[in-house]
């Protein structure tokens, strides 16, 4: 079977939908044929077929061969290939071949143009003359034909479209291959030489033919745009050639008001793109043509459509052109209005904001107008920043007036549609609506930077005007704007506008369930509370009405608006936490409101947690520990009630409900623990060794209150809550919450209700680590880590026995795991625990028996040689300080240990060396090398006879890891010796990392020489 026959057969297999399973293999075989020496013959055979799909692959094959071999052909071969391509183009353009075949042949000709070593100076003219003649016209014969425009007019419509498509494809290919090489510059000259023929053809096409042949007009516009894109980037100094294209602008602009939708929309798209990205292409007179069209015809047409509410797609398209023009005139509008037409442009864009209906659903023109106003506002901000003070008065008042006028028109548009309208919107409309609001947010941000804009005051004034009218959706729109600028404006504590807003009826109205206030408005008010909490904190007189609002929302919000209640709970916690000192006098009232807030129709666990944390933060601010006892007891009573209800529910068979109540209760207890933490405490960084924690005490009795009878009783009640865990079948979340309770106390540096005796944490960890099946055992081990860090501060007693007990629990988990790869996440926490022991409890780390210490260190070594990147990094971070501690005559003071750390390091030195070099010899990933270098540097610097251990690991075959020899098989013995000599010679210096990377690359075979 010939290659041509087989290729045609493969094309038919690929094109048959029933052969899906064969397509991949057929495509690979076809590509092999196309790239082979038979490719040229195969292409010809395919083009001879009547099947257009086969013809397409024939043209594609020609393109492939030209790409591969075209630049290496001789002059005779290049000339012959061009004639061959033209012959096929002429032939197929006269046959009923489908467009996609002809267009692929045009692509092959364009590829020839860019790849052939010979310059094709008259490419376009040779193509049109050959098409007209019906055969290939040679270069010498071209001068016997009329001018290119006349020749083009005499072509058939198919031939005309083929010509235009070739010109477009050629320009696109040139843009993709443009560069500064000699070849690119030569091609540019050749391409430029074809411009007169192209522009004369396009002029005929656009000026005469396009109106009767829309498809040809579309091809011509696309072609012109492709040439403009190339010319703008490459012909800035070739004024003569560039002008040939520029001169087509006036006749092309006529399509902007064409009666044909397709031609008009494409022309608008092209002009918008060029105005935005290639403005310098247009001459001054061309911009004036566009200006006249916008001001006298397109703009007024858009305004009529806006006023009538009839925004058809063509009007929206015109709006994009208006916006693009508006953005290029901004400089003439803001600082110096140079032209009389400037006022009409500003007026036009103001009126475009007055269309009836909602953005996205009814009013799409507003998106184009908003692009202009954002550009206007941004330019005004930059101009104000760059202007001298004495020049601002010349232009800023007018610019500020324009911006505020636009804002006045925007505010009605910001109103969210009522449910009867919004429920008819689809997801795309909603996204467009949100996009509109986001754009207006940007606009507002710019205005805040305009000097003396007083934007916040203006918005508050509008909000207070709307409030009595109870136009809730309008009010929500204005509050959206007030919230949008919260990060940019900082009202003073005595700001009259903010005082007027906070002192208004906004909170009472928004929480009045009889007023049918939409959830959107309530959420906007809640966001306002969060955004302006600093002002509220500075004006305590507003805290009570705000709290009343929040508690009312929690107590009365229906279940279908649970998100509003959730947001209220979050705001309550934030407000109480930041205003805790101001609220201590209202604590009794707040405690009384808690039961109602926690039993509202939309109440859930999230809200309960936030409310508990909110009240606890106020309790924390009471002046003495004795005063905290009773309110804490009240909160714990709520928890105990829930836990009893949980047990009763499970006892009567409602297990799911009981587990939910019980778990939520423990989570609320954890929230109380977090809320009661002092804001000025410094235990937030529990790993800190700082010893200047000097919190003020309230007296010796307050310091010991939680260890005396009354305080200890409260602590016992808190710990008794943990008993619910034994009732739960799915105890994971509850164990998480119990760990949060313990960690809340461990984060404190002063006595408190959640600061339990160390034995409490020890017992909890020990009980939870007897089996790997314990739910959320990771949280338990993390608590063990926190416990060690909390008791590693310099001003805390050294708890040898308690930490040792926790260490034994963690070691038990490592023993149960056996191999770190069985659970890398759990293994990582275990190694992190060991790291924390190194900080202040080295004596505990080395206290167990020799066998137990060996088991722990072998576990960590297994982490180094494992596959988990993070685990490997943590293990290396452990070994680095451990090895450094073992340095003989270590100047750093170390605690007395059962076994000297140097003895331990010396004993494990062979395994450490082997583990590290096993990874460095090509097993590790490149990103892991710096981590592995850390312990290696410490090893070389601290371990006596380190060279002996490294040589044994890398040079001898009797190694723990027999795979080592295979891993570094690309590195011979001499190169390994050089590596060890360099490492040892550097004595742990930073250059070690570089040597390690080089050696690793050599072992991986990614470099040809080890240096």
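Numbering (my numbering), first residue to last: 2 to 1012.
In this text, a Cβ means the ideal position worked out from N, Cα and C, and glycines have one as well.
Just so you know, these numbers come straight off a predicted model, no measurement behind them.
1) Compute the Euclidean distance between the alpha carbons of residue 995 and residue 1006, then round it to the nearest angstrom.
2) Leaving aside the five residues before and after residue 1012 along the sequence, list all residues of the same chain whose C-beta is less than 6 Å from its C-beta, in chain order.
3) CB-CB under 6 Å to residue 742, same chain, minus the five flanking residues each way: which ones, in chain order?
4) Helix, strand or coil for residue 692 per DSSP?
5) Report the rounded CA-to-CA distance for residue 451 versus residue 379, giving the unit in angstroms.
6) Out of curiosity, what's the CA-to-CA distance linking residue 292 and residue 275?
7) When you compare only the Cα positions, how much space is there between residue 372 and residue 425?
8) May I have a chain-ordered list of the alpha helix (DSSP H) segments no shorter than 4 residues that lie completely inside the region 199-254?
9) Could you give the distance in angstroms between the alpha-carbon of residue 130 and the alpha-carbon of residue 144?
10) Roughly how many angstroms lie between the CA atoms of residue 725 and residue 653, to the nearest whole one?
11) Less than 7 Å between C-beta atoms, sequence neighbours within five positions excluded: which residues of the same chain meet that for residue 407?
12) Using DSSP with H/G/I as helix, E/B as strand and the rest coil, what is residue 363?
13) Just to confirm the assignment, what range does the alpha helix (DSSP H) spanning residue 104 have?
14) Relative to the alpha-carbon of residue 433, which residue among 467, 401 and 369 has its alpha-carbon at the smallest distance?
15) Quick one: Cα of residue 316 to Cα of residue 299, how far?
16) Where does the unbroken alpha helix (DSSP H) through residue 756 begin, and where does it stop?
17) In the DSSP assignment, find the unbroken alpha helix (DSSP H) run with residue 144 in it and report its ends.
18) At which residues does the alpha helix (DSSP H) containing residue 1004 begin and terminate?
19) Secondary structure at residue 156, three-state DSSP: helix, strand or coil?
20) Contact defined as beta carbons within less than 8 Å: I believe residue 847 pairs with residue 884. What is the distance between those atoms, to the nearest angstrom?
21) Please report how far the alpha carbon of residue 864 lies from the alpha carbon of residue 571, in whole angstroms.
22) Please identify the residue among 301, 229 and 324 whose C-alpha is closest to the C-alpha of residue 281.
23) Buried or exposed: which applies to residue 240, given that a residue is buried once 16 or more other Cβ atoms fall within 10 Å of its Cβ?
24) Where does residue 643 land, buried or exposed, given buried means 16+ other C-beta within 10 angstroms?
25) Scan the region 375-399 and note each continuous alpha helix (DSSP H) run of 4 residues or more that stays entirely inside, going in chain order.
26) Helix, strand or coil for residue 425? Go by DSSP, reduced to three states.
27) On a CA-only basis, which of 489, 946, 461 and 770 is nearest residue 497? Give me that one, please.
28) DSSP three-state label for residue 185, please.
29) Among 840, 234, 899 and 874, whose alpha-carbon lies nearest the alpha-carbon of residue 893?
30) Is residue 939 buried or exposed, if buried means 16 or more other CB atoms sit within 10 Å of its CB?
31) The alpha helix (DSSP H) with residue 581 in it runs from where to where?
32) Kindly indicate the opening and closing residues of the alpha helix (DSSP H) around residue 825.
33) In the structure shown, what three-state DSSP assignment does residue 730 receive?
34) Considering just the uninterrupted stretch of the alpha helix (DSSP H) at residue 327, what are its terminal residues?
35) Helix, strand or coil, according to DSSP, for residue 867 in the structure here?
36) Pairs of beta-carbons, one from the region 537-545 and one from the region 559-567, closer than 8 Å: are there three or more?
Taking the definition as stated:
1) On the chain shown, position 994 is the one that residue 995 refers to. On the chain shown, position 1005 is the one that residue 1006 refers to. Cα to Cα, the separation comes out at about 17 Å.
2) What you label residue 1012 is simply residue 1011 of the chain shown in a count that begins at 1. Note that residue 1012 has pLDDT 38, beneath the 50 cutoff, so the model's placement of it is unreliable and no number is given.
3) Here residue 742 refers to the residue found at position 741 when the chain shown is read from its first residue. Once the five neighbours on either side are set aside, the close Cβ partners of residue 742 are 670, 671 and 674.
4) By one-based count along the chain shown, residue 692 stands at place 691. Residue placement at residue 692 is poorly supported in this model, since its pLDDT is 42, which falls under 50; the coordinates are not used for a value here.
5) The count along the chain shown starts at 1 and reaches residue 451 at position 450. The count along the chain shown starts at 1 and reaches residue 379 at position 378. One C-alpha to the other measures close to 9 Å.
6) For the purposes of this step, residue 292 is taken as the residue at position 291 of the chain shown. For the purposes of this step, residue 275 is taken as the residue at position 274 of the chain shown. Taking the straight line from one Cα to the other gives about 15 Å.
7) Reading the chain shown from its first residue, position 371 is the one you call residue 372. Reading the chain shown from its first residue, position 424 is the one you call residue 425. Distance from the CA atom of residue 372 to the CA atom of residue 425, rounded to whole angstroms, is 27 Å.
8) Within the region 199-254, the complete alpha helix (DSSP H) segments at least 4 residues long are 215-235, 240-247 and 250-254, listed from N- to C-terminus.
9) In the chain shown, residue 130 corresponds to position 129, counting from 1. In the chain shown, residue 144 corresponds to position 143, counting from 1. Approximately 10 Å, taken between the alpha carbons.
10) Indexing the chain shown from 1 puts residue 725 at position 724. Indexing the chain shown from 1 puts residue 653 at position 652. Going from the Cα of residue 725 to the Cα of residue 653 covers about 16 Å.
11) Residue numbering aside, residue 407 sits at position 406 when the chain shown is read from its first letter. Excluding residues within five positions, the ones whose Cβ falls inside 7 Å are 351, 354 and 374.
12) Taking the chain shown and counting its residues from 1, the one referred to as residue 363 is at position 362. In this structure, residue 363 counts as coil in the three-state DSSP scheme.
13) One-based indexing of the chain shown puts residue 104 at position 103. From DSSP, the alpha helix (DSSP H) with residue 104 extends over 100-116.
14) Looking up residue 433 in the chain shown gives position 432. For the residues 467, 401 and 369, the minimum Cα distance to residue 433 belongs to 369.
15) Residue 316 sits at position 315 when you count from the first residue of the chain shown. Residue 299 sits at position 298 when you count from the first residue of the chain shown. So the alpha carbons of these two residues sit roughly 9 Å apart.
16) Stepping through the chain shown from its first residue, residue 756 is reached at position 755. Where residue 756 is concerned, there is no enclosing alpha helix (DSSP H), given that its DSSP letter is neither H nor E.
17) Here residue 144 corresponds to residue number 143 of the chain shown, with the count starting at 1. First-last for residue 144: undefined, no H or E at that position.
18) Numbered from 1 along the chain shown, position 1003 holds the residue referred to as residue 1004. For residue 1004, the enclosing alpha helix (DSSP H) covers residues 992-1005.
19) Reading the chain shown from its first residue, position 155 is the one you call residue 156. Residue 156 falls in the coil class under three-state DSSP.
20) What you label residue 847 is simply residue 846 of the chain shown in a count that begins at 1. What you label residue 884 is simply residue 883 of the chain shown in a count that begins at 1. Contact flag wrong, Cβ pair sits at about 14 Å.
21) Numbered from 1 along the chain shown, position 863 holds the residue referred to as residue 864. Numbered from 1 along the chain shown, position 570 holds the residue referred to as residue 571. Near 42 Å, if we compare the C-alpha coordinates of residue 571 and residue 864.
22) The sequence position of residue 281 within the chain shown is 280, counting from 1. Cα-wise, what sits closest to residue 281 is 229.
23) Translated into the one-based positions of the chain shown, residue 240 becomes position 239. Exposed, by the Cβ-count rule.
24) Residue mapping note: residue 643 aligns to position 642 of the chain shown, counting from 1. Counting every other CB atom within 10 Å of its CB across the protein chains shown gives residue 643 a total of 16 or more, marking it as buried.
25) Here no run is fully enclosed.
26) In the chain shown, residue 425 corresponds to position 424, counting from 1. Residue 425: coil per DSSP, three-state reduction.
27) If you number the chain shown from 1, residue 497 lands on position 496. The closest CA to that of residue 497, considering only 489, 946, 461 and 770, is found on 461.
28) Taking the first residue of the chain shown as position 1, residue 185 is located at position 184. When secondary structure is reduced to three states using DSSP, residue 185 falls in the helix class.
29) Against the chain shown, residue 893 aligns to sequence position 892. Measuring from the Cα of residue 893, the nearest candidate turns out to be 840.
30) Taking the chain shown and counting its residues from 1, the one referred to as residue 939 is at position 938. When all chains shown are included, residue 939 counts as buried.
31) Along the chain shown, read from residue 1 onward, the residue named residue 581 stands at position 580. Looking at the DSSP string, the run of the alpha helix (DSSP H) that includes residue 581 is 581-584.
32) In the chain shown, counting from the first residue as 1, residue 825 sits at position 824. That run of the alpha helix (DSSP H) goes 825-841.
33) For the purposes of this step, residue 730 is taken as residue 729 along the chain shown, with counting starting at 1. If DSSP states are grouped into helix, strand and coil, residue 730 belongs with coil.
34) Against the chain shown, residue 327 aligns to sequence position 326. Looking at the DSSP string, the run of the alpha helix (DSSP H) that includes residue 327 is 314-329.
35) By 1-based counting over the chain shown, the position of residue 867 is 866. Here residue 867 sits in coil by DSSP.
36) Judged by Cβ distances under 8 Å, the region 537-545 makes no contact with the region 559-567, as fewer than three pairs qualify.
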